[in-house]
Amino acid sequence: MHGRFQGNSFQGPLPTTLSNLVNLTDIRIGDILSGSSSLAFISNMTSLNTLILRNCRISDSLASVNFSQFARLNLLDLSFNNITGQVPQDLLNLNSLNFLFLGNNSLSGSLPSSKGPNLKNLDFSYNQLSGSFPSWASQNLQLNLVENNFVINNSSNSVLPSGLECLQRNTSCFLGRPLSTSFAVDCGGDRSISGSDNSMYEPDAANIGPASYYVTRARTWGVSDVGKFMDASNSSYIIHNSHKFQSTSDSELFQTARMSPSSLRYYGAGLENGNYVVTLQFAEFAFEDSKTWTSLGRRVFDIYVQGELKEQDFDIRKEAGGKSYTVVKKQYVAPVTRNFLEVHLFWAGKGTCCVPSQGHYGPAISALSATLITTPEKRIKTGVIVGAVVGAVVFGLVVLAGLYVCRQKRRKVTSEQQELYSIVGKPNIFSYSYGELRSAADNFSSSNLLGEGGYGSVYKGKLTNGSVVAVKQLSETSRQGKKQFIAEIETISQVQHRNLVKLYGCCLEGDKPLLVYEYLENGSLDKALFGIDHFIQSDDAAAMASP
């Protein structure tokens, strides 16, 4: 007796009354949408030869069932559930068991130390298993241990096909290795092909089957396949096509496709972190374009990229407008954060199973590629570099502007000096800076003001050497003011008299030239005439209280 309930989107949980069907030899249930079920109902169904409870929302432990009573069991599929605990020894010891699919659960602990002689296909992928490999693990088995926590060293790595260390959780496989920014695969192909997108599509001809994986020698990509084509006498996981595609310049990529009866995953390994454009290319060539029953087949599956559902109930032929031998291209942007990219094609039990023959169902893909478009690290580094460059440029421009202003000032001062020297010759007086005199006169404050006249103001100042001086600040150098300034220097610098106030120097910076005189306490004319000290002082030449 057989019972098959797959791909119907039934609501859960599984009815416990199924336990009454003790004479069933084959029961296949899959893709329950809701509820939570246990394994208790199968305890009395010991006549089973095939038991598939795939993606049925089962939350239980394998220890709840005494599997030693299932002497006839040949295939057990409990994948894509929430089964916890360890893998029981009595399950692996079943003599008749050939296929065991326990992937995508929450199993933990180590694998049992022994197994039955006929158990050749074992899937434990996507669990929390750990420890070392048991002695029965070998390359002669179909054994999928992808995405677990096994300890893999040089000795254990030789037990199974190479590259498994790069497909473990929290792998350190990529540390210290150059990271790549792209990969491309010709699924099922046996040679490299240069694509029209400038990608080099690597061959993917590895003979993987019901529970296996493959990783390239360069560790840049890998593939994992799980599932058995039920009731197929001669199933193939790679299908071939001799039809030439007219709608694409990459016809060679569509001469093969990799197919899976349950779950097909491709991995990009050792990738730089960042956002990638993921391109998946499909073409249906298992179903003919004809008016016969052979054209009625439907291949339906789901597409996940980095664990996110991108396409549900994806039908290649439907996407191609109901045509076979027509390329369908899908592109997605996906983030890579752990140097790892996963594309998952998942059969949810939908579509046909037996057209044109048994075994033509489940996901199929002809080519895929992934190319980096952005990296967070590089954006940060680029921002820092751009910021540094912009900052350096701005700083450089400010410095150049400052140098230009200083140079222009020096040129202006030099020009005024040359103009002055051309008139009166180079005076034998000291040249002060504007800043020095401004500081001496307390920024020309009113408290230091000694007097004002027609050509400017006179301030008391104290130089850094302690000397007290009188600083005469001429008004803005109009033509008349400049002549007055030149005339005053010419007169005083050439005349030496004991009763004439001594000229110490001048400042030619800015629009208000400065003259620096000897400072006298009795600085006004009346004090000079009637005070204790008698000095002659011209109204325009003296730099005293009344200039």
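Going by full-length UniProt numbering, the first residue of the sequence shown is number 1, and it counts up by one from there.
Beta carbons are placed, not taken as given, at the ideal position from N, Cα and C, and that holds for glycine.
Note that the coordinates shown come from a computational prediction; the quantities given were computed from them, not determined experimentally.
Cβ-Cβ distance between residue i and residue j below 9 Å
| i | j | result |
| --- | --- | --- |
| L160 | L175 | no |
| Q11 | G35 | yes |
| S263 | G103 | yes |
| S369 | S199 | yes |
| T256 | G297 | no |
| P203 | E288 | no |
| Y201 | G189 | yes |
| F346 | P335 | no |
| F150 | N121 | no |
| V87 | L111 | yes |
| F430 | Y504 | yes |
| P261 | F282 | no |
| K350 | D26 | no |
| Y434 | E509 | yes |
| L280 | Y332 | yes |
| E252 | D186 | yes |
| Y432 | C507 | yes |
| S114 | G85 | no |
| R28 | R4 | yes |
Residue environment, residue i, which counts as buried when at least 16 other CB atoms sit within 10 Å
| i | result |
| --- | --- |
| R217 | exposed |
| M259 | buried |
| N81 | buried |
| R191 | exposed |
| T337 | exposed |
| P178 | exposed |
| D231 | exposed |
| A440 | buried |
| A528 | In this predicted model, A528 has a pLDDT of only 45, less than 50, meaning its place in the structure is not dependable enough to derive any value. |
| W293 | exposed |
| P15 | exposed |
| H344 | buried |
| S447 | exposed |
| N148 | buried |
| F245 | buried |
| L164 | buried |
| N241 | buried |
| D123 | buried |
| H360 | buried |
| C166 | buried |
Supposed close pair residue i, residue j - CB separation, criterion 8 Å
| i | j | result |
| --- | --- | --- |
| V471 | L437 | 5 Å |
| S106 | Q128 | 6 Å |
| S224 | S125 | 6 Å |
| S324 | S249 | Actually they do not touch by this definition, with Cβ atoms about 19 Å apart. |
| N49 | N20 | Actually they are not in contact, since the Cβ atoms of N49 and N20 sit about 18 Å apart, beyond 8 Å. |
| T181 | L372 | 4 Å |
| N140 | G116 | No, N140 and G116 are not in contact; Cβ-Cβ is about 15 Å, not under 8 Å. |
| F254 | S366 | 5 Å |
| R24 | M45 | Reading off the sequence, residue 24 comes out as Leu, not Arg. About 6 Å; that satisfies the 8 Å criterion. |
| W221 | Y276 | No, W221 and Y276 are not in contact; Cβ-Cβ is about 13 Å, not under 8 Å. |
| F67 | L51 | Between L51 and F67 the Cβ distance is about 10 Å, and since that is not below 8 Å, they are no contact. |
| I316 | V328 | 6 Å |
Three-state secondary structure assigned by DSSP to residue i
| i | result |
| --- | --- |
| C166 | helix |
| R4 | strand |
| P15 | coil |
| F395 | helix |
| A137 | coil |
| Y404 | helix |
| E521 | coil |
| L437 | helix |
| S446 | helix |
| N105 | coil |
| N153 | coil |
| residue 548 | An answer regarding residue 548 cannot be provided, because it is not within the stretch 1 to 547 covered by the chain. |
| N148 | coil |
| G222 | strand |
| F10 | coil |
Near the ligand GDP: residue i beta-carbon under 8 Å from a heavy atom
| i | result |
| --- | --- |
| S79 | By its list of ligands, the structure shown contains no ligand whatsoever, and the ligand GDP lies outside what it can speak to. |
Could you give the uninterrupted runs of the beta strand (DSSP E) lying entirely in the region 29-95, keeping only those of 3 residues or more? 50-54, 75-77
Along the chain, which unbroken stretches of the beta strand (DSSP E) at least 3 residues long are found entirely within the region 240-328? 256-259, 263-269, 274-282, 300-305, 308-315
Whole beta strand (DSSP E) elements within the region 193-219, 3-residue minimum: 200-204, 211-215
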